[in-house]
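Accompanying notes for the structure given below.
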């Protein structure tokens with residue numbers, strides 16, 4: 002099998018490495034000649050709107066996938082009728098537009114935060130009356146890791162914030178005063194079979210995921226079942242194939258959907274060491290028609306992102322149960338340079354090791 006991956010960042014890198022274990026060749030396309038995944042698979046360097054390059058990229062492929070949702074949907078749609086695309090361009094377009102994403106949640110009955118779509122200056126003023134303050138103003142498209150959004154505490158902040166975000170299509174959303182942030186990852190095969198990973202508890206700062214616990218502590222069977230039910234409805238509605246992540250808030254025991262990611266996801270990196278089958282291997286299994294692998298856990302796991310500067314890898318490897326994954330990127334502020342997985346027999350051991358890892362990274 003030969004799989005084409007649009008994008009060649011760290012997610013493409015980990016997909017390519019998983020492909021090697023399955024005997025799958027991967028081909029990547031990215032405009033960045035230094036893209037980290039190019040160390041591990043064939044890389045075609047071209048813009049995503051270069052149709053000649055897309056046609057060359059498609060030659061000999063069995064299936065096309067993508068590693069992040071900022072890929073232009075038109076690039077994905079180029080392959081329609083030529084090479085199967087999994088997940089579909091519909092899933093991508095939905096995840097790229099925050100209003101369409103919210104409308105999907107509403108249509109199939111998944112609770113989500115109150116919101117108002119904004120197109121014009123008059124919409125900005127009306128939105129404040131409907132949502133109130135404080136609130137979050139977000140661009141409809143091209144927002145991730147805290148980008149493309151700003152907190153709004155007053156009407157003055159709203160108009161100024163809208164201008165600062167480009168005065169374009171936006172969404173004003175209520176701030177959910179949640180108890181914690183959770184995510185659920187699932188993989189759906191072409192046959193419709195779905196396997197779920199356990200819910201993960203995530204900790205963000207400045208809009209970026211810093212660390213995760215897997216499985217999330219204090220999750221009862223009812224909450225896990227409810228999260229899986231929401232995810233199943235989303236996958237079936239989108240006729241989805243591959244790994245899907247659903248980010249949620251937990252508030253007073255209830256789940257509120259925040260957003261979806263139609264791809265392998267940062268909060269699932271722990272699966273490389275912490276599950277029988279990693280999210281990367283299962284994504285490839287699903288899109289190529291293979292049988293899905295077991296999502297059973299190997300003890301408990303934690304994941305810490307390495308952000309902004311190179312860590313002391315030797316010190317990290319002295320910590321019991323630590324697995325260091327560096328992506329080969331140049332250090333830069335707010336750039337994800339790698340991640341560290343911690344595996345342990347129990348939650349207490351995992352949290353102690355996570356604390357040690359974070360201490361080393363802070364030096």
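Residue numbers (the numbering used here): 2 to 364.
Built from N, CA and C at the ideal position, the CB exists for glycine as well.
Give me the Cα-Cα distance between residue 66 and residue 86, rounded to the nearest whole angstrom. Here residue 66 corresponds to residue number 65 of the chain shown, with the count starting at 1. Here residue 86 corresponds to residue number 85 of the chain shown, with the count starting at 1. Distance between residue 66 and residue 86, taken at the CA atoms: about 6 angstroms.
Check: DSSP puts residue 44 in a beta bridge; with which residues?
Finding: Locating residue 44 in the chain shown gives position 43, where the first residue counts as 1. BP columns for residue 44 point to 29.
My output table needs one value for residue 243: the three-state DSSP class, helix, strand or coil. As a first step, residue 243 must be located in the chain shown, where it is residue number 242. Looking at residue 243 - three-state DSSP - the assignment turns out to be strand.
**Prompt:** Does the segment 70–87 come close enough to the segment 14–26 that 3 or more CB-CB pairs lie under 8 angstroms?
**Reply:** At 8 angstroms Cβ cutoff, the stretches do not touch.
#### Entry: residue 173 - partner residues in DSSP beta bridges
Taking the first residue of the chain shown as position 1, residue 173 is located at position 172. Residue 173 pairs with 117, 138.
Q.
On the criterion of 16 or more Cβ atoms from any shown chain inside 10 Å, does residue 264 qualify as buried, or is it exposed?
A. Locating residue 264 in the chain shown gives position 263, where the first residue counts as 1. Residue 264 is buried by the Cβ-count criterion.
**Asked** Quick one, are the C-beta atoms of residue 129 and residue 156 less than 8 angstroms apart?
**Response** The sequence position of residue 129 within the chain shown is 128, counting from 1. The sequence position of residue 156 within the chain shown is 155, counting from 1. Yes, they are a contact pair.
Measuring alpha carbon to alpha carbon, tell me which residue in 297, 270, 200, 279 is nearest residue 325. For the purposes of this step, residue 325 is identified with residue 324 of the chain shown, where counting begins at 1. The shortest C-alpha separation from residue 325 is found at 270.
- residue 167 by DSSP, collapsed to three states: which one? Taking the first residue of the chain shown as 1, we reach residue 167 at position 166. Three-state result, residue 167: coil.
Cβ-based burial, residue 398 [other Cβ within 10 Å; buried from 16]: Shown here, the chain extends from 2 to 364; a query on residue 398 therefore has no answer.
Buried or exposed: where does residue 107 fall if 16 or more other Cβ atoms within 10 Å of its Cβ makes it buried? Taking the first residue of the chain shown as 1, we reach residue 107 at position 106. It counts as exposed.
Q.
Any beta carbon of chain B sitting closer than 8 angstroms to that of residue 241?
A. In the structure shown, chain B does not exist; there is a single protein chain.
request  = Compute the distance between the beta-carbons of residue 287 and residue 361, then report whether it is under 8 angstroms.
outcome  = For the purposes of this step, residue 287 is taken as the residue at position 286 of the chain shown. For the purposes of this step, residue 361 is taken as the residue at position 360 of the chain shown. No; because the gap between Cβ atoms is not below 8 angstroms, this pair is not in contact.
Proximity of residue 204 and residue 306 at Cβ, strictly below 8 angstroms:
Position 203 of the chain shown, counting from 1, holds the residue named residue 204. Position 305 of the chain shown, counting from 1, holds the residue named residue 306. Not a contact, by the Cβ cut-off of 8 angstroms.
* To do: Could you tell me how far apart the beta carbons of residue 173 and residue 132 are, in whole angstroms, since I believe they sit closer than 8 angstroms?
  => Taking the first residue of the chain shown as position 1, residue 173 is located at position 172. Taking the first residue of the chain shown as position 1, residue 132 is located at position 131. A Cβ-Cβ separation of about 5 angstroms places residue 173 in contact with residue 132 under the 8 angstroms criterion.
* Which same chain residues, not among the five before or five after residue 102, have their C-beta less than 7 angstroms away from its C-beta? -> Residue 102 sits at position 101 when you count from the first residue of the chain shown. The beta carbon of residue 102 sits closer than 7 angstroms to those of 95, 96, 260, 261, all from its chain and outside the five residues before and after it, given in chain order.
C-alpha distance - residue 33 paired with residue 267, whole-angstrom precision
Sequence index remark: in the chain shown, residue 33 carries index 32 (1-based). Sequence index remark: in the chain shown, residue 267 carries index 266 (1-based). Looking at the two C-alpha atoms, the distance is approximately 21 angstroms.
Exercise. How long is the line joining the alpha carbons of residue 39 and residue 254, rounded to whole angstroms?
Worked result: Mapped onto the chain shown, residue 39 falls at position 38. Mapped onto the chain shown, residue 254 falls at position 253. Answer to the nearest angstrom: the Cα atoms are 44 angstroms apart.
message = Let's see if you can read the secondary structure: which residues bound the alpha helix (DSSP H) around residue 361?
response = Walking along the chain shown from the start, residue 361 turns up at place 360. Boundaries of the alpha helix (DSSP H) harbouring residue 361: 348–362, taken from the DSSP string.
Nearest-angstrom Cα separation, counted from residue 280 out to residue 45: Here the question's residue 45 lines up with position 44 in the chain shown. Here the question's residue 280 lines up with position 279 in the chain shown. Within the model, the alpha-carbon separation for residue 45 versus residue 280 is close to 25 angstroms.
Using a Cβ distance threshold of 8 angstroms, determine whether the segment 296–313 contacts the segment 334–350, with at least three qualifying pairs required. Because the criterion of three Cβ pairs below 8 angstroms is met, the segment 296–313 and the segment 334–350 touch.
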